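Colleague: Here the sequence shown is numbered in numbering that gives the first Met the number 0, starting from 0 and rising by one per residue. Glycine included, every Cβ here is placed at the ideal spot set by N, Cα and C. In this text the structure is predicted, and so the values were computed from the model without any measurement.
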Amino acid sequence: MSASKSTSKIESPLLKPLSMSITRFPEEITILPEFLVRTARIWPEREAYRWYDYPTNGWVSVTWREFSERVLRWRKAFARMGLKKGDKVSMLLPSSIDALTFDQAALANGLVPVPLHASDTAGSSRYILNDSESRFLVTVSLARWHSLADAGDDLKHLERVVFTNDTDTGTTFDHISYGGLEEWLATGNDVTELPPPPAPSDLAAIVYTSGTTGRPKGVMLTHRNIVTNVRQTWNVVEATEEDVILSYLPLSHTFERTVGYYLGVASGAALVFSRGVSQLRDDLTEARPTLMSSVPRVYEQFYNHLMTVRGKMSAKKTFFFDWTREIGWRRFCRQNDLPVPKSVRGFMDNFMWGYLNRRVAAPVREFFGGRMRMMFSGGAALNQSVAQFFLGMGLPMLQAYGLTETSPVLSICRPIANHPTTVGEPVAWTEARLGENDELQVRGPQVMVGYFKREADTKAAFTDDGWFKTGDQADLSDGGRIRIKGRIKEIIVTSTGEKISPVDLEFAVQEDRLFEQVMILGENRPYIAALVVLRDDKWKALCSDLQLDPNDPSTMGCRDVRNAVLKRIKTATRDFPRYGQPRNVAIVPDVWTVGNGLLTPTQKLRRRQISERYAQEIEALYNGQKR
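Structure below.
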């Protein structure tokens, strides 16, 4: 059934205070669908999922009992299709109740879900459908299906396409049948026998990597992989049925699947779907979540918003705002056994904190709903200024680290030992070591069984003695905590032999709020340069200072503009070695997005695609002139 039907409208979000009694992890569970069976049995009438229903202009929810009934209907329809254990079935949906229902039904029937990124290109989605040999696809609409059907080669394995928001029935495209969700669900009404459950060693998903450097690879994860990773995460989070999880990341993102979706099913926590980045703040206020996972980009946007608010304050309010952040950070350092920054005002910390916490820090926490007990950041490195700000304001931000190939969580910072320059200690039953070139290598029960149909790639991903090679440079010197230094493949080696981590430089440049996006260049070049996108308001202010027209396309190439921008870049990177400081800059007008193919669905830079898009601009940075 569609998301807007058979739901009960609720007048307001769940606002119960948390008792925070710790629920023991159900160790008897070995496959993912057993989580739902257990939770629906224990808490049948508790809220399971909540989302905003635009036709009724209000929030709707389902209980665990109602959700289980939805899953049963999907299971019967899958069975009627004659799909067998191990068959691949794909989903191209935004985060929604239908996406979760699809996943749970497929898992319970022993099928292998293949989640596609809802914001990915049609060509990439079509490639995954073919490569995974998917027999079934559920997507939003006929229009979305047409964009896939027109994107390239024949979809030779696909047999059925179902639309959640369209009702076209009985139609065939080549050999593929397609139609509305209700029509398809009705085909299973008379099914009385369901397939047996999967085994722990059976595949629970094929999740395709983002493909920053080439074609995506299908990561094969078993039920044992993911169930173990849920347990490993549970050991840190200690989730209960009274938690409220805000789901913002797409469900094709393994971080969201494990730390949000599956953890919620396992613990009985309610999961609230965010309406998207434009309404995320409202969702936080209305849902008042206790747990949230996101990528650094989202937290950076919140930080930038709050810094914009700060910029409009009076001098007095700005002083107290900055003092709160300063005191809060020192308190955090003392609590987590970190070096405490020196300050002539440090002796006043205890005396002033009560007042500043109430007047400044508490409103910042209310910005996130006022009940947040853990905010996880994963998928990429978190800017330290952002981390220090939120931690100083009393928000429990924890970095986590992992890869799609590890289900994904390998390490998490602990609330009582949170060292934000690290990604924490390895989770339970996980070993870590450093290999050649300080590459982080890991071994544990959450590590994938391999890449789908890619034996050579699978072999290359592991050492001869069975350790998975993460591709990340790291050190393990901080009491066993992992500190990521950068992707090995992203380390820039200039023509002079100097090695530079572009991520560190990019973070440093973005400390200056003039810069919206930054990509550092210099591989096999004589010096480091930068490709930048500027924030619109700051760009206009810069042009005003220089008495230039911000709407004139030629202004971005103006010598005075480039010199002014480069001066600010050099100021931002002054703590780097001279060889690591950008010596030239190119300003480009268009923001890099998933839609224009310059960001992955997980908000990472597609460095090759950006380099190709701006090849002329980049060549102009290295035109033979010595810098």
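1. Please classify Gln-300: does DSSP put it in a helix, a strand, or coil?
2. For Gln-546, which three-state DSSP category applies?
3. Please give the ranges of any beta strand (DSSP E) in the region 351-410, keeping only runs that are unbroken, at least 3 residues long and fully inside the region.
4. Residue range of the beta strand (DSSP E) that Phe-514 falls in?
5. By how many angstroms is the C-alpha of Ser-95 removed from the C-alpha of Phe-367?
6. Assign Met-347 to one of three DSSP states: helix, strand, or coil.
7. Taking its Cβ as the centre, do 16 or more other Cβ atoms sit within 10 Å of Trp-428, making it buried, or is it exposed?
8. Beta-carbon within less than 6 Å of Phe-272's beta-carbon, same chain only, minus the 5 sequence neighbours each way: which residues are those?
9. State yes or no: is the C-beta of His-222 within less than 8 Å of the C-beta of Leu-31?
10. In the structure shown, what three-state DSSP assignment does Trp-591 receive?
11. To the nearest angstrom, how far is the alpha carbon of Ala-386 from that of Ile-481?
12. Can you check DSSP and say which residues form a bridge with Arg-256?
13. Using only the alpha-carbon positions, how far apart do Thr-212 and Ser-123 sit?
14. Give the secondary structure of Gly-479 by DSSP, where H, G and I count as helix, E and B as strand, and everything else as coil.
15. Measuring only the C-alpha atoms, how far is Ala-268 from Val-258?
16. Give me the residue from Phe-24, Pro-395, Val-339 and Asp-535 with the minimum Cα distance to Tyr-298.
17. Here's a check: name, in chain order, each residue in its chain whose Cβ is nearer than 8 Å to the Cβ of Tyr-450, leaving out the five neighbours to either side.
18. Which partner residues does Leu-91 have in the DSSP bridge list?
19. I believe Glu-489 touches Ala-571 by the beta-carbon criterion, under 8 Å. Please report the beta-carbon distance rounded to the nearest angstrom.
20. By the 10 Å Cβ neighbour count, where 16 or more other Cβ atoms means buried, how is Arg-607 classified, buried or exposed?
21. Cβ-heavy atom distance between Thr-239 and the ligand ADP below 7 Å?
22. By alpha-carbon positions, which one of Asp-471, Asp-130 and Asp-321 ends up nearest to Asp-437?
23. Whose C-alpha, out of Ser-67, Glu-240 and Gly-465, is nearest the C-alpha of Asp-97?
24. Counting only the same chain and skipping the five closest in sequence on each side, list residues whose C-beta sits under 6 Å from that of Asp-389.
25. So is Asp-119 buried or exposed if we call it buried at 16+ other beta carbons inside 10 Å?
26. Ignore the nearest five residues each way along the sequence and tell me which others in Ile-28's own chain have a CB closer than 8 Å to its CB.
27. Can you tell me which of Arg-274, Val-161, Lys-484 and Pro-588 puts its alpha carbon nearest to the alpha carbon of Trp-58?
28. Quick one: what's Ser-133 bridged to in DSSP?
29. Taking only the alpha-carbon atoms, compute the straight-line gap between Gln-615 and Leu-597 and give it to the nearest angstrom.
30. Please state whether DSSP places Tyr-53 in a helix, a strand or coil.
31. Return the chain-ordered list of same chain residues with a C-beta closer than 7 Å to the C-beta of Pro-407, the five sequence neighbours on each side being excluded.
32. Ignore the nearest five residues each way along the sequence and tell me which others in Ala-473's own chain have a CB closer than 7 Å to its CB.
33. Please state if the CB of Thr-138 and the CB of Val-160 are separated by a distance shorter than 8 Å.
34. Given Gln-383, which residues of its chain have a CB within under 8 Å of its CB, disregarding the five upstream and five downstream residues?
35. Please report the distance separating the alpha-carbon of Ser-610 from that of Pro-588.
36. Candidates Leu-355, Asn-335 and Arg-329: which alpha carbon is nearest Val-343's?
Modeller: To lay it out plainly:
1. Translated into the one-based positions of the sequence shown, residue 300 becomes position 301. It is helical.
2. Sequence index remark: in the sequence shown, residue 546 carries index 547 (1-based). Coil.
3. If one requires a minimum length of 3 residues, the beta strand (DSSP E) runs lying completely within the region 351-410 are 373-376 and 396-401, in chain order.
4. Translated into the one-based positions of the sequence shown, residue 514 becomes position 515. From DSSP, the beta strand (DSSP E) with Phe-514 extends over 514-520.
5. For this step, residue 367 is matched to residue 368 along the sequence shown. For this step, residue 95 is matched to residue 96 along the sequence shown. Rounded to whole angstroms, Phe-367 to Ser-95 spans 22 Å at the Cα level.
6. Taking the sequence shown and counting its residues from 1, one reaches residue 347 at position 348. Annotated three-state conformation of Met-347 is helix, per DSSP.
7. Taking the sequence shown and counting its residues from 1, one reaches residue 428 at position 429. Burial is judged here by how many other beta carbons sit within 10 angstroms of a residue's own beta carbon; Trp-428 has fewer than 16 and is exposed.
8. Translated into the one-based positions of the sequence shown, residue 272 becomes position 273. Short of 6 Å from the beta carbon of Phe-272, and not among the five residues preceding or following it, lie these beta carbons of its own chain, in chain order: Trp-50, Ser-94 and Ser-246.
9. Mapped onto the sequence shown, residue 222 falls at position 223. Mapped onto the sequence shown, residue 31 falls at position 32. Against a cut-off of 8 Å, the Cβ pair of Leu-31 and His-222 comes out as a contact.
10. Walking along the sequence shown from the start, residue 591 turns up at place 592. DSSP, reduced to helix, strand and coil, places Trp-591 outside both helices and strands of the structure shown, so it counts as coil.
11. Numbered from its first residue, the sequence shown carries residue 386 at position 387. Numbered from its first residue, the sequence shown carries residue 481 at position 482. Answer to the nearest angstrom: the Cα atoms are 17 Å apart.
12. For the purposes of this step, residue 256 is identified with residue 257 of the sequence shown, where counting begins at 1. In the DSSP output, where bridge partners are listed per residue, Arg-256 has none listed.
13. Position 213 of the sequence shown, counted from the start, is the residue given in the question as residue 212. Position 124 of the sequence shown, counted from the start, is the residue given in the question as residue 123. Low local confidence applies: a pLDDT of 49 at Thr-212 is under 50, so the model's placement there is unreliable, with the coordinate-based value given in what follows. Thr-212 and Ser-123: Cα-Cα distance of roughly 13 Å.
14. The residue labelled residue 479 in the question sits at position 480 within the sequence shown. It is coil, neither helix nor strand.
15. Against the sequence shown, residue 268 aligns to sequence position 269. Against the sequence shown, residue 258 aligns to sequence position 259. Ala-268 and Val-258: Cα-Cα distance of roughly 12 Å.
16. The residue labelled residue 298 in the question sits at position 299 within the sequence shown. Residue Pro-395 is the option with its Cα nearest to Tyr-298.
17. On the sequence shown, position 451 is the one that residue 450 refers to. Only Lys-216, Gly-217, Val-218, Met-219, Asp-456, Thr-457 and Ala-460 meet the Cβ criterion.
18. Position 92 of the sequence shown, counted from the start, is the residue given in the question as residue 91. Under DSSP, Leu-91 takes part in a beta bridge, and its partners are Thr-138.
19. Locating residue 489 in the sequence shown gives position 490, where the first residue counts as 1. Locating residue 571 in the sequence shown gives position 572, where the first residue counts as 1. The Cβ separation is near 20 Å, so there is no contact.
20. The residue given as residue 607 occupies position 608 in the sequence shown. Classification of Arg-607: exposed, given that the 10 Å Cβ count is below 16.
21. In the structure shown, the ligand ADP is absent, as is every other ligand, since no ligand is present at all.
22. As a working mapping, residue 437 is identified with position 438 in the sequence shown. Of the candidates Asp-471, Asp-130 and Asp-321, the one whose C-alpha sits nearest the C-alpha of Asp-437 is Asp-471.
23. If you number the sequence shown from 1, residue 97 lands on position 98. The candidate whose alpha carbon is nearest that of Asp-97 is Ser-67.
24. As a working mapping, residue 389 is identified with position 390 in the sequence shown. In the sequence under discussion, the amino acid at residue 389 is Phe, which differs from the Asp named in the question. Excluding residues within five positions, the ones whose Cβ falls inside 6 Å are Met-396.
25. Taking the first residue of the sequence shown as position 1, residue 119 is located at position 120. When all chains shown are included, Asp-119 counts as buried.
26. Counting from one through the sequence shown, the residue named residue 28 turns up at place 29. Only residues of its own chain outside the window of five on either side were considered, and among them Phe-34, Arg-37, Val-226 and Ala-265 have a CB closer than 8 Å to the CB of Ile-28, listed in chain order.
27. Here the question's residue 58 lines up with position 59 in the sequence shown. Comparing C-alpha distances from Trp-58 to each of Arg-274, Val-161, Lys-484 and Pro-588 shows the shortest one belongs to Arg-274.
28. By one-based count along the sequence shown, residue 133 stands at place 134. Ser-133 pairs with nothing; no bridge assigned.
29. Residue 615 sits at position 616 when you count from the first residue of the sequence shown. Residue 597 sits at position 598 when you count from the first residue of the sequence shown. Rounded to whole angstroms, Gln-615 to Leu-597 spans 16 Å at the Cα level.
30. Within the sequence shown, numbered from 1, the residue matching residue 53 stands at position 54. DSSP places Tyr-53 outside both helix and strand once states are collapsed to three, so it counts as coil.
31. The residue given as residue 407 occupies position 408 in the sequence shown. Excluding residues within five positions, the ones whose Cβ falls inside 7 Å are Thr-253, Phe-254, Thr-257 and Gly-401.
32. Here residue 473 corresponds to residue number 474 of the sequence shown, with the count starting at 1. Cβ within range, chain order: Leu-433, Asp-437, Leu-439, Ile-481, Arg-482, Ile-483 and Lys-484.
33. Position 161 of the sequence shown, counting from 1, holds the residue named residue 160. Position 139 of the sequence shown, counting from 1, holds the residue named residue 138. A Cβ-Cβ contact shorter than 8 Å links Val-160 with Thr-138.
34. Mapped onto the sequence shown, residue 383 falls at position 384. The residues are Pro-419, Thr-420 and Phe-506.
35. On the sequence shown, position 611 is the one that residue 610 refers to. On the sequence shown, position 589 is the one that residue 588 refers to. Their Cα atoms are separated by approximately 15 Å.
36. The sequence position of residue 343 within the sequence shown is 344, counting from 1. Nearest C-alpha to Val-343: Arg-329.
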